[in-house]
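> Quick note, the sequence shown lines up with residues 38 to 305 if you use our numbering. Cβ coordinates follow ideal geometry from the N, Cα and C atoms, glycine included.
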Amino acid sequence: MAHHLLSVSKRNGIAYVGLNRPDKYNALNFKLFKEIDSCIKSLAKDKTLTAVVLFGEGGNFSSGLDVKSVMSSPFDAVRLLFKWLPGNANLAQRVSIGWRRLPVPVIAVMEGICYGGGMQIVLGADIRIAAPDCKMSIMEAKWGLVPDMAGLAGLRELMPKDQAVMLTMSADILSAEQAKSLNLITAIEAEPMAAATALAAKLSNTSPDANAAIKSSINRNWSASIRQLLSRESWYQVRLLLGKNRVIAAKRQGKDPQKSYSNRQAGW
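Shown next as structure tokens:
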């Protein structure tokens with residue numbers, strides 16, 4: 038699928054994906070939903086991918102849903118929300134939860150405004166880096182709606198339930214400092230794109246197998262039982278010990294992987 042409302046490039050294994058409707062503050066219309074979904078599916082097939090940096094063109098991440106555009110076509114609204122089974126993700130949900138399902142770290146760069154659906158998308162990222170003047174809001178309640186783009190999957194891992202209830206019901210607009218104090222974002226940086234690029238490069242220098250296993254393990258085990266956690270941790274570790282990328286990663290760090298493993302076995 039050709040991308041007209043996304044800017045997509047790749048450098049040194051890192052994919053840079055930008056929402057590209059700057060004249061509309063990167064508001065989400067049906068076509069942009071489709072392109073994000075298609076992009077995620079394409080990235081999932083890229084075996085050379087090491088990280089994703091997600092951002093908004095023109096100095097804003099996203100103003101949220103382009104309500105006028107989406108509601109102008111009842112058929113598009115149905116396609117946005119339709120799912121075959123209740124537990125499946127529909128198109129609106131896949132543009133958020135899809136980033137969680139990629140086997141590489143996804144870093145969101147937040148500048149300008151990040152409201153409603155835009156906030157739901159960045160909640161699907163693993164790490165959120167915001168500019169000092171970024172404004173953000175879980176805004177759906179303002180329009181009499183419930184957030185329904187799977188952002189809750191990330192939100193429930195970031196903060197206590199009462200804080201999530203307050204933010205979601207009030208639709209308050211938060212400053213970057215307020216959001217950081219609530220754990221809604223990971224960091225505040227004067228140059229968030231530069232910080233995200235540096236972090237993506239740093240994470241790309243480790244084992245992609247380990248990164249994939251760590252991401253999957255944390256996401257799947259965060260609310261799992263202890264027995265499930267222990268089982269999955271052991272399974273991932275065995276796979277990593279048998280894989281070649283562990284050796285490559287150790288060499289990148291300037292260590293002898295066989296010696297490191299022997300030391301570990303000796304209890305070092």
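1. Should S110 go down as buried or exposed, given a rule of 16 or more other Cβ atoms within 10 Å for buried?
2. Per DSSP, which residues does G55 bridge with? Please list them.
3. For Y152, which residues does DSSP report across the bridge?
4. Once DSSP output is grouped into helix, strand and coil, what is the label at I255?
5. Are L86 and A126 touching if we call contact CB-CB under 8 Å?
6. Taking 8 Å as the threshold, find out whether the segment 166-177 comes into contact with the segment 133-149 through three or more Cβ pairs.
7. Would G322 and S100 be called neighbours here (beta carbons separated by less than 8 Å)?
8. Under 8 Å, do K172 and D103 count as touching if we go by C-beta distance?
9. Got a sec? Which residues, its chain only, sit under 7 Å from V183 by beta carbon, not counting five neighbours each side?
10. Whole angstroms is fine: what's the gap from S244's alpha carbon to P123's?
11. For I210, list the residues DSSP reports as bridge partners.
12. With burial defined as no fewer than 16 other Cβ atoms inside 10 Å of the residue's Cβ, what is the status of H41: buried or exposed?
13. State the beta-bridge partners of R145 as determined by DSSP.
14. Excluding the 5 residues preceding and the 5 following M108 in the sequence, name in chain order all residues of the same chain whose CB lies nearer than 7 Å to its CB.
15. Could you pull out every residue in the same chain whose Cβ sits closer than 7 Å to the Cβ of A129, ignoring the five residues on either side in sequence?
16. Pairing CB atoms from the segment 196-205 with CB atoms from the segment 219-227, are three or more of them under 8 Å?
17. Looking only at C-alpha atoms, which of R137, S262 and N49 sits nearest to I251?
The answer reads as follows:
1. Taking the first residue of the sequence shown as position 1, residue 110 is located at position 73. It counts as exposed.
2. Working through the sequence shown from its first residue, we reach residue 55 at position 18. According to DSSP, which records beta bridges pairwise, G55 is partnered with S44 and F92.
3. The residue you call residue 152 lines up with position 115 of the sequence shown. Its beta-bridge partners are S174.
4. Locating residue 255 in the sequence shown gives position 218, where the first residue counts as 1. Three-state result, I255: helix.
5. Locating residue 86 in the sequence shown gives position 49, where the first residue counts as 1. Locating residue 126 in the sequence shown gives position 89, where the first residue counts as 1. No, the Cβ-Cβ distance between L86 and A126 is not below 8 Å.
6. yes
7. In the structure as shown, the chain starts at 38 and stops at 305, and residue 322 therefore has no counterpart that could be examined.
8. For the purposes of this step, residue 172 is taken as residue 135 along the sequence shown, with counting starting at 1. For the purposes of this step, residue 103 is taken as residue 66 along the sequence shown, with counting starting at 1. No. Outside cutoff.
9. Residue numbering aside, residue 183 sits at position 146 when the sequence shown is read from its first letter. Exclusion of the five residues before and after V183 leaves E177 as the residues of its chain whose Cβ lies within less than 7 Å of its Cβ.
10. Here residue 244 refers to the residue found at position 207 when the sequence shown is read from its first residue. Here residue 123 refers to the residue found at position 86 when the sequence shown is read from its first residue. Taking the straight line from one Cα to the other gives about 36 Å.
11. As a position in the sequence shown, residue 210 is number 173, starting the count at 1. Per DSSP, none; premise fails for I210.
12. Locating residue 41 in the sequence shown gives position 4, where the first residue counts as 1. With fewer than 16 other Cβ atoms within 10 Å, it is exposed.
13. Taking the sequence shown and counting its residues from 1, the one referred to as residue 145 is at position 108. It is worth fixing the name first, because residue 145 is Ala in this sequence and not Arg. Answer is L91 and R165, bridged to A145.
14. Position 71 of the sequence shown, counting from 1, holds the residue named residue 108. Around M108: A114.
15. Here residue 129 refers to the residue found at position 92 when the sequence shown is read from its first residue. Hits under 7 Å: F70, L117, L118, D185 and M186.
16. yes
17. Taking the first residue of the sequence shown as position 1, residue 251 is located at position 214. Here the closest residue by C-alpha is R137.
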